[in-house]
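Some notes on the structure that comes next.
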């Protein structure tokens, strides 16, 4: 990234050139967005919402776009790597940045495991890597003993490649992006051209599970998960010659473009189904070899060549994304250690500039995650909830900085005052609630573990001041969300708090927390000190890691 913290020759030597153009920025975002989510999302969303899954994809894209816009403003103000962790530190201090960093580390660390699970689920065509089972009333494909062994090997392989050859891998990443785009477009066109049954959209009602199904699909079927790569365009903000123009176009364009593609895929998926596949209702939809749903439909349509491409893509796309996120997870823990918010050994690097200990810890996290979440379907909701939770502070930071430092240069400014930041914060919290308590209680346990570790760090190491006055709203926010999610349960009739009341309470609670947080921001002088610290730390990180 490009930094402004120093004009010294040494700093300049390690500054990346600002030569990423609009197409390159857009391309990076689109490539990061398209992972394994689309391989399963269409079927999972249809099971939750029926044909109304089309609405789920559109609403999911809109909600992610709101969040992305706030990070576009921050990313152009502070074009530094690791912004999701660093931005809260500027405005709310160490406790806020530690909590956000811990949640982000958990979220990033679970991506490689889910990509491995996705690849192995499709590979079940060739060996018994997964088996069909029913969990919490839903049909999922869980890892077998053989699947666990291969998952271990693949996660270890990600670490090895990161250690010895990640720069080589980066050179072929653009080719992989073209591959991913081509495959998804070929699938849409082939399905639409081969078979399209319009009565599939109405035979059992367009919205069989009502709005509840539409909203739950957004959070738990892989819809939001399929958009989470948008921040790549923001991470590259410091490497473009015109961030004021290019970053918002890349962020908005990538979400809109992939949103249109995903909606088209959902339409093609529903239209290509045999009515017998969902004769017992959309929630009971299933067919032969549905461990690889798109490939199974391609086979049923007589498109064996397309099924072969999909089975290949089910290895290529997840491997690409899993490898990238193994790197990202290690960088997050490295940055937290440099900030004093994690054990210092995590910041140690090898002569290659590789944070090896952080890589190994990411590997262990991946193995642990596979135990409570042995299937793609079970893990996707957890990742979604954790990631949007880590993003939620961004909109609050935008509003706080506008009040504390209105004179700062903002190459891109989100229009409408507080409207979009508030809607983005509300959207994040609603997505968490829609993930259901079955998923969220595991997430909040992970958050509690992080807070316990923070207490241990405070006792063992000489830690930075936590600045609790400005960061205490985080505790109120997380505790309130946990309570609402607990009362809303799994969004069914047995819940203490009904579906619509839970949504209303979440919206009201979110707005209150938003403005409480903005009010209790750090003093302006401290904020400016943190700004300089963030720029300096980011420059040192890029110098050491390359």
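In full-length UniProt numbering, the protein residues as written are 1 to 546.
Built from N, CA and C at the ideal position, the CB exists for glycine as well.
Computed from a predicted structure; not experimentally measured.
Short Cβ contact (8 Å threshold) for residue i with residue j
{"i": "residue 222", "j": "residue 62", "result": "no"}
{"i": "residue 159", "j": "residue 360", "result": "yes"}
{"i": "residue 274", "j": "residue 300", "result": "yes"}
{"i": "residue 336", "j": "residue 85", "result": "yes"}
{"i": "residue 527", "j": "residue 161", "result": "no"}
{"i": "residue 404", "j": "residue 521", "result": "yes"}
{"i": "residue 46", "j": "residue 282", "result": "yes"}
{"i": "residue 224", "j": "residue 69", "result": "no"}
{"i": "residue 127", "j": "residue 146", "result": "yes"}
{"i": "residue 183", "j": "residue 309", "result": "yes"}
{"i": "residue 317", "j": "residue 36", "result": "yes"}
{"i": "residue 292", "j": "residue 116", "result": "no"}
{"i": "residue 272", "j": "residue 196", "result": "yes"}
{"i": "residue 258", "j": "residue 67", "result": "no"}
Residue span of the alpha helix (DSSP H) that contains residue i, given as start and end
{"i": "residue 48", "result": "37-49"}
{"i": "residue 258", "result": "243-272"}
{"i": "residue 201", "result": "Residue 201 -> no alpha helix (DSSP H), and no H or E assigned at all."}
{"i": "residue 279", "result": "Residue 279 -> no alpha helix (DSSP H), and no H or E assigned at all."}
{"i": "residue 24", "result": "22-33"}
{"i": "residue 296", "result": "293-300"}
Burial state of residue i, where buried means 16 or more other Cβ atoms lie within 10 Å
{"i": "residue 102", "result": "buried"}
{"i": "residue 143", "result": "buried"}
{"i": "residue 477", "result": "buried"}
{"i": "residue 530", "result": "buried"}
{"i": "residue 437", "result": "buried"}
{"i": "residue 534", "result": "buried"}
{"i": "residue 180", "result": "buried"}
{"i": "residue 458", "result": "exposed"}
{"i": "residue 329", "result": "buried"}
{"i": "residue 369", "result": "buried"}
{"i": "residue 30", "result": "buried"}
{"i": "residue 48", "result": "buried"}
{"i": "residue 387", "result": "buried"}
{"i": "residue 532", "result": "exposed"}
{"i": "residue 376", "result": "buried"}
{"i": "residue 514", "result": "buried"}
{"i": "residue 406", "result": "exposed"}
Secondary structure of residue i, DSSP reduced to three states
{"i": "residue 162", "result": "helix"}
{"i": "residue 472", "result": "coil"}
{"i": "residue 522", "result": "coil"}
{"i": "residue 89", "result": "helix"}
{"i": "residue 552", "result": "Nothing about residue 552 can be read from this structure; the chain reaches only from 1 to 546."}
{"i": "residue 67", "result": "helix"}
{"i": "residue 320", "result": "helix"}
{"i": "residue 354", "result": "coil"}
{"i": "residue 209", "result": "coil"}
{"i": "residue 194", "result": "helix"}
{"i": "residue 223", "result": "coil"}
{"i": "residue 288", "result": "coil"}
{"i": "residue 311", "result": "helix"}
{"i": "residue 342", "result": "coil"}
{"i": "residue 467", "result": "coil"}
{"i": "residue 461", "result": "coil"}
{"i": "residue 514", "result": "helix"}
{"i": "residue 495", "result": "coil"}
Residue-level contact to chain D via CB, residue i, 8 Å cutoff
{"i": "residue 121", "result": "Annotation note: the requested chain D is absent from the structure, which comprises a single protein chain."}
Runs of beta strand (DSSP E) lying entirely within the segment 91-155, each at least 3 residues, in chain order: 130-135 and 138-143
Whole runs of the alpha helix (DSSP H) within the segment 360-437, excluding any shorter than 4 residues: 376-391, 393-404 and 419-434
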